[in-house]
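Residue numbers (full-length UniProt numbering): 1 to 388.
No residue lacks a Cβ here, since even glycine has one placed at the ideal position from N, Cα and C.
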Amino acid sequence: MLEHSTREDGLVLNALKLPGGNIVHTNPLLDSGFDLEIIAYSKTNGLIGFAIRRPPYEEIYFKLFGLSHALSMFHIDITMTQIYIAGPGGKIWIRSRPKGNWKLDDLSRLDAFENWDPDRANLETHEYEVTELPAGGGIYLQQAGRRHAVIGTHADGPAATLTVGGYFLCAARIRSAMAVILHISMLSHLLSNAEHVALWQIYIRIAMFWLYTTSKRPQEHAALAGYLPDLSLSPPRGWMDIVYLACMITLLPCLDHRNYGSDGVPEFEVEEAAAVCEEYSEWRGWVSETYLCQDKSGNTLDWEGDVFSSCLLHMAIALSNYHTEAAENNPTAEIFQLFTPVAFQSKLRTVLRSYDPSLDKLLASKKKKTNPEKFFLFDGEELTWRKL
């Protein structure tokens, strides 16, 4: 993989070699590991000359690779796919679905789209959806069970692509993506299956990796920043993205409609979210002992009171206001028979008490002062972080 990335005609761009060589890096979430040089290449399925390799799903935790011009042949991912657009050029997202009875189609054939060429598209037998995704901050959610391909559009330079947990995820504005999915989840009156996947299966893994790597593998910061522009830790914005991501994971029990009926969230998802929250608790302690935070006036901020807890409370209030407004605008919606503002507030208070009992008391007093359209308290540029 590394050798292939150095070739001008190579399909792999910027293969990441973390310190340590061919070792299996510990996966803090699953108590297993991954080898970036061996397993990471498995998602180049369908590329000519490379065998299809399928490691067990539980081993597919975090894999980095970039494809020249973001080319990928048609394939079906495990469940859902989110695309965030980054890099110097845009991409073309192509989805294919057979007309008529899809169960009889070639979707079950792994080689159905080998050497696929857009010029050979058969409009009589298939429906094709072609979406142009501009570079910088875009987001796209792929429905399950649909063949899809991603093809870069920039002739002069490729765009690196990040794969997380078996999902394509381009390293762009993670904060924008969080805001979009929070907005969607509230406007659609709780989460659809698509948002479940994004929140539980994607963001949890990103959060765990960022928390673990920033605090326990600082030697990798520079290498990772090359792949994750938002995780450039020289300005505070990258650090604040980690805080906001952890806050969102903390609030997940309030956002999932399965918690408002008899189903409940599957145990493994609860355990994974709890693992992130535990790691975040350790991470906050590490940041407090390692860095000093000041505002524009030079005033030193208290990490927990002024930053961590305040960001969580602000996001909680914004979501609460969103929900109340949605319920008032559509009071007869069936979903609100279970997902009432009272039920939401109850779960919200439970979550806040588990984080810090004092936040429950602050919720009511600060609720009216919070802008419901702003999820994030700090942008990051107004803060200064320096090592102690």
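Short Cβ contact (8 Å threshold) for residue i with residue j
i	j	result
residue 245	residue 275	no
residue 284	residue 268	no
residue 251	residue 319	yes
residue 203	residue 248	yes
residue 292	residue 217	no
residue 356	residue 349	no
residue 314	residue 341	no
residue 256	residue 243	no
Proximity to residue i [Cα-Cα], best of the options
i	options	result
residue 363	328, 287, 311, 218	311
residue 299	383, 125, 343	383
residue 352	316, 273, 271	316
residue 294	341, 281, 388	388
residue 358	326, 305, 327	305
residue 282	271, 213, 263, 99	213
residue 379	209, 296, 321, 270	296
residue 272	346, 126, 209	209
For residue i, three-class secondary structure by DSSP
i	result
residue 362	helix
residue 374	coil
residue 386	strand
residue 213	helix
residue 380	coil
residue 137	Legend: pLDDT at residue 137 = 37, less than 50; position of this residue unreliable, value from coordinates given subsequently. Correct three-state label for residue 137: coil.
residue 2	Residue confidence for residue 2 is low, a pLDDT of 49 falling below 50, so the modelled location carries little weight and cannot support an answer.
Whole-angstrom C-beta distance between residue j and residue i, which should lie under 8 Å
i	j	result
residue 277	residue 344	Between residue 344 and residue 277 the Cβ distance is about 20 Å, and since that is not below 8 Å, they are no contact.
residue 211	residue 279	5 Å
residue 381	residue 237	6 Å
residue 215	residue 303	No, residue 215 and residue 303 are not in contact; Cβ-Cβ is about 14 Å, not under 8 Å.
residue 260	residue 375	That pair is no contact at about 21 Å.
Neighbour flag for residue i against chain B, beta carbons, 8 Å
i	result
residue 307	Although the question refers to chain B, the structure presented lacks it and comprises just one protein chain.
Near the ligand ATP: residue i beta-carbon under 7 Å from a heavy atom
i	result
residue 210	Absence of the ligand ATP from the depicted structure is noted, as is the absence of any ligand whatsoever, leaving it without description.
Just list the beta strand (DSSP E) runs in the segment 260-345, keeping only unbroken ones of 3 residues or longer that don't cross its boundaries, in chain order.
291-294
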